[in-house]
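Heads up: the first sequence at position 314 corresponds to 314 in UniProt numbering, and the numbers run straight through without jumps. Following: one structure in structure tokens, then a few remarks.
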Amino acid sequence: MNKLAVASVIVDVPTMQTNRPFEYEIPSALTDVVIPGVRVEVGFGRGKRKIQGFVMEVKKTSDFTGKLKPIIRVIDVKPVLSSEMIKLSYWLADRTYSFQISCLQTMLPNVMRAKYKQFIQAAPGFEQDPEVQQLLNGHLLVELTNDTTDEKIKEIAHLKRSEKINIEYVVENQANSLTRQAVTTELSKDALLKSREGLRKNALAQQKLYDYLIKEYDNLPVESSVIEKQNDIARSTLKTAEKNGAVKFVEITKRRKPVGIIPEQQKAPTLTDEQSEAVSKINSAIDSNDPKTFLIEGVTGSGKTEVYLQTMQQALNQGKTALMLVPEISLTPQMVNRVVGRFGDQVAVLHSGLSSGERYDEWSRIEDGSVKVVVGARSAVFAPLKNIGIIIIDEEHEASYKQDDNPRYHARDVASWRSKFHKEPLVLGSATPSLESRARAEKGVYQMISMKKRINDHPLPHVQIVDMRDAENSAVKGDFSPLLKDNIWRAMKRNEQAIVLLNRRGYSSFLMCRECGFVLKCPNCDVSLTYHKNLGKMKCHYCGHEEPVPHICPNCKSKKIGFYGTGTENIENQLNEMFPEARVLRMDVDTTRRKGSHAAIIKQFGEHQADILLGTQMIAKGLDFPDVTLVGVINADTTLSISDYRASERTFQLLTQVSGRAGRADKEGHVIIQTYNPDHYAIKDAAKQDYETFFKQEMYLRHQSGYTPYYFTTLVSVSHQDEGQALKQSFWLKKQLQAVLSDQAVLLGPSPTMISRKQNKYFYQIIVKYKRGPELHQRLLEILSETQSETKRGFTIAIDNEPQHID
DNA sequence: AGCACGCCGACT
DNA sequence: GTCGGCGTGCTC
1 MNKLAVASVI VDVPTMQTNR PFEYEIPSAL TDVVIPGVRV EVGFGRGKRK IQGFVMEVKK
61 TSDFTGKLKP IIRVIDVKPV LSSEMIKLSY WLADRTYSFQ ISCLQTMLPN VMRAKYKQFI
121 QAAPGFEQDP EVQQLLNGHL LVELTNDTTD EKIKEIAHLK RSEKINIEYV VENQANSLTR
181 QAVTTELSKD ALLKSREGLR KNALAQQKLY DYLIKEYDNL PVESSVIEKQ NDIARSTLKT
241 AEKNGAVKFV EITKRRKPVG IIPEQQKAPT LTDEQSEAVS KINSAIDSND PKTFLIEGVT
301 GSGKTEVYLQ TMQQALNQGK TALMLVPEIS LTPQMVNRVV GRFGDQVAVL HSGLSSGERY
361 DEWSRIEDGS VKVVVGARSA VFAPLKNIGI IIIDEEHEAS YKQDDNPRYH ARDVASWRSK
421 FHKEPLVLGS ATPSLESRAR AEKGVYQMIS MKKRINDHPL PHVQIVDMRD AENSAVKGDF
481 SPLLKDNIWR AMKRNEQAIV LLNRRGYSSF LMCRECGFVL KCPNCDVSLT YHKNLGKMKC
541 HYCGHEEPVP HICPNCKSKK IGFYGTGTEN IENQLNEMFP EARVLRMDVD TTRRKGSHAA
601 IIKQFGEHQA DILLGTQMIA KGLDFPDVTL VGVINADTTL SISDYRASER TFQLLTQVSG
661 RAGRADKEGH VIIQTYNPDH YAIKDAAKQD YETFFKQEMY LRHQSGYTPY YFTTLVSVSH
721 QDEGQALKQS FWLKKQLQAV LSDQAVLLGP SPTMISRKQN KYFYQIIVKY KRGPELHQRL
781 LEILSETQSE TKRGFTIAID NEPQHID
């Protein structure tokens, strides 16, 4: 009998050199337990280091010529990775040029990441050694933490060299954190009552505990922490009761269920013609296991969400599951209630507000099949659903679907992969599709579904563009044109609400001297410091460096140093000055930092407890406020000035979306867009809510300049402490790439990134535009492994496939 | 990553 | 000589 005795393991060491499977012997005691997808603990390296790894494959023999180490321990009882996820991780690592271990870790809840600890222990026979005793200070084990001083490390290294101490490695599994200590009783309720009577008169704490146990008898076991904190019963009281046989300590696995109240079950409304046509097209793809991609181009208010819900229902009817992605920012209670209202408690919602424990619990509920519908932001695309019947991506153009650190994956690509794996449709929906998706629909790669009518024939808002270069407008002191000011006033008078959007990208409150032009910059990074009001300090967004606000210019000693640029706070002040009676709510990064505050602001505004909602991009997304009749955009063009080929697309999308916020109910909406570029097509087309015209114009320009969707783009950046070295290396890289690319491909750069210095490293980037690039892909992978030794000398190479921003 | 090995200078 | 500095290369 030939046993499967070798496991192929991806180890938790994120480096290029260890980015491949390592083989381990499966001890006979662990056969049948070590199967693909489980996590294991293995020894790695020459020392006694222990780390976590993922079993990818189990086989009979190994080609490895050395001696295989055994697997030390199996962490999971059942696999945490399905065969689908294992396959997906290979594809993802290849596509994003990332380490496979990083991919595996992103696919799983954070708690599955191992925590490593090191403990110092006296070597046998050296327990009494004075040096060892001094180090351990009477303890048997001392943890070696990250904050150990250099001197102490030296001392430890000494002792280790002379073999007086050993270092013990411990791999901790954080996912265990969900078992908690709880209290219960083995006594009957009557017995408890009896014991309660038998307590001494002055044993007040015990009496209180018994009373609690009797009252909560049906809810036992209760977590000890709950009893201790909420009911102020001391641990010693519990211990005493334990001794007396009244209570018993047990371990419970607690499932936090974040979706608290399940809203009333809602019936599916009748569909419009456009909606039912969309539903039937998608449903037939579900029925016939057709992994095609649909692109729903539907104007705001056309009822895309209902199409999503009914097609998801179809998948469920077939005994399948459904996955729906929405941008984090639209994961509002309104949205969630709508889905939960339809599907009840078979829904799991994965949003960033979940604690890591909650996230793990939701993951388990999905994994064990108790959840049929998953709604979530980007990372929910890895939800461990089995037998997926449909995948939906709402607002598919959103840049936040692309992760901006490693692995730099796009949720749309992962969804597409899974759609093919499950042989089920993928539905992309947007009022303003990304150029690449819309172009694919044009070519017939995606099937286009267009929804042009608004439900109940709500008219589109009336949009006006205000040319801020006009004499009348440039003369005003603040940032409000007379027209916008007047319209806000009117809306206030009619007791309606207004939204004011400040397009603040690349625009912030930095400090500038009006005498000499000096700008306060970060000493480590090449960016200006921004003012943080709650800190009262200047802060760097990249490295976190802080310093006090100077009152005289460090350069010319003038006192004319002050803030420059329009921040939300500044606009808020202007609004308060102009409309002293209006209640202004501000929503930006500062006011929404606290968990739940985003939802709180939306709720407050939705209940008309404020008159004006002022904010940045985040107010533009999918919110429905019936009393809003006016939307004002202060500076429509700041996103245009960014040196990014997607600048026009982003501007168009933002303006179209925010305009959709006005007048969704019976009242007509009015939108005022202030700009210095009134003739720009992105602004003009957005004002007309005319996606198709914009699409044609933008496609023409992309074609002219050779960008997505006509070309693929890959961004390669090189960094080093020394600017010259970084530049030298990037020229070398360019030469390497040139050699494998055809004449059709274009290489731009190397050029310094917009922020050319971050954390004291210099960054240069090369943009590669190409039509067909298997050679490029191969060469980039090779370069990554060839340059691994350079990595240690301070070089880093980062590759971003289809970047969302070039900066 | 983290560790051992190994090759150099300056110390009992 | 040898201790300990850091550079190099390997980990099943």
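All C-beta atoms in this analysis are idealised placements derived from N, C-alpha and C, irrespective of residue type, glycine included.
Ile35, DSSP secondary structure in three states: coil
Residue of Thr432, Trp363, Thr311, Tyr409 minimising C-alpha distance to Pro425: Per the C-alpha coordinates, the member of Thr432, Trp363, Thr311, Tyr409 positioned closest to Pro425 is Thr311.
7 Å CB neighbourhood of Leu715 in its chain, flanking five on each side removed: Gln765, Ile767, Asp800, Pro803, Ile806
Distance, Asn137 Cα to Gln128 Cα: 11 Å
Opposing strand residues paired with Gly562 [DSSP bridges]: Met512
Residues sharing a beta bridge with Ser8, DSSP: Glu23, Glu57
Any alpha helix (DSSP H) of 4 or more consecutive residues that is wholly inside the stretch 94 to 153: 100 to 107, 130 to 136
Lys117 versus Lys50 - alpha carbon distance: 10 Å
Reduced DSSP secondary structure (H/G/I, E/B, other) of Phe294: strand
Test item: CB-CB of Thr713 and Lys769 under 7 Å: yes
Cβ-based neighbour list, Lys292, same chain, cut-off 7 Å, excluding 5 preceding and 5 following: Ala285, Pro425, Gln447
Inter-residue spacing [alpha-carbon to alpha-carbon] between Val259 and Gln334: Confidence in Val259 is poor, its pLDDT being 48 and thus under 50, which makes the residue's placement unreliable; the coordinate value appears in the next sentence. Roughly 13 Å separates the two Cα atoms.
Local Cβ density within 10 Å of Ile153, reported as buried at 16 or more and exposed below that: By the neighbour-count rule (16 or more Cβ atoms within 10 Å), Ile153 is not buried but exposed.
Delimiting residues of the alpha helix (DSSP H) encompassing residue 808: For residue 808 there is no data in the structure shown, the boundaries of the chain being 1 and 807.
Inter-residue Cα distance where the pair is Glu398 and Pro27: Counting only the Cα atoms, Pro27 lies some 49 Å from Glu398.
Buried versus exposed, by CB contacts within 10 Å (16 or more), Ala415: buried
Meets three-Cβ-pair contact criterion under 8 Å: the stretch 611 to 621 and the stretch 574 to 588: yes
CA-to-CA distance, Gln464 to Met324, given in whole angstroms: Rounded to whole angstroms, Met324 to Gln464 spans 35 Å at the Cα level.
Per-residue DSSP class, three states only, for Glu496: coil
Proximal residues to residue 809 (C-beta, below 6 Å), its chain only, five neighbours per side dropped: Within the shown structure, residues of the chain are numbered from 1 to 807, placing residue 809 beyond reach of any answer.
Classification of Val339 by the beta-carbon crowding that lies within 10 angstroms, buried from 16 upward: buried
Beta-carbon proximity of Thr639 to Thr651, cut-off 7 Å: yes
Close Cβ partners of Trp91 (< 7 Å) along its chain, the five nearest in sequence each way excluded: Trp417
Exposure of Ile388, with buried meaning 16 or more beta-carbon neighbours within 10 Å: buried
Exposure label - Ala475; buried when at least 16 CB within 10 Å: exposed
For Thr639, the first and last residue of its enclosing beta strand (DSSP E): No beta strand (DSSP E) holds Thr639; DSSP gives it neither H nor E.
Under the three-state DSSP convention, the category Gly506 falls into: Because the pLDDT at Gly506 is just 40, under 50, the model does not fix this residue reliably, and the value given afterwards should be weighed accordingly. Gly506: coil per DSSP, three-state reduction.
Extent of the continuous beta strand (DSSP E) to which Glu547 belongs: 546 to 548
Distance CB(Ser450)-CB(Val466) smaller than 7 Å: no
Exposed unless 16 or more other CB atoms sit within 10 angstroms - verdict on His158: exposed
Boundaries of the beta strand (DSSP E) in which His670 is found, first to last residue: 670 to 675
Which listed residue (Cys553, Leu238, Val183, Ile227) has its alpha carbon closest to that of Gln206: Leu238
DSSP-derived helix/strand/coil call for Thr629: strand
Test item: CB-CB of Asn524 and Asn337 under 7 Å: no
Ala620 in three-state terms, based on DSSP: helix
Own chain residues within Cβ distance below 8 Å of Lys684, not counting five before or after: Ile465, Pro678.
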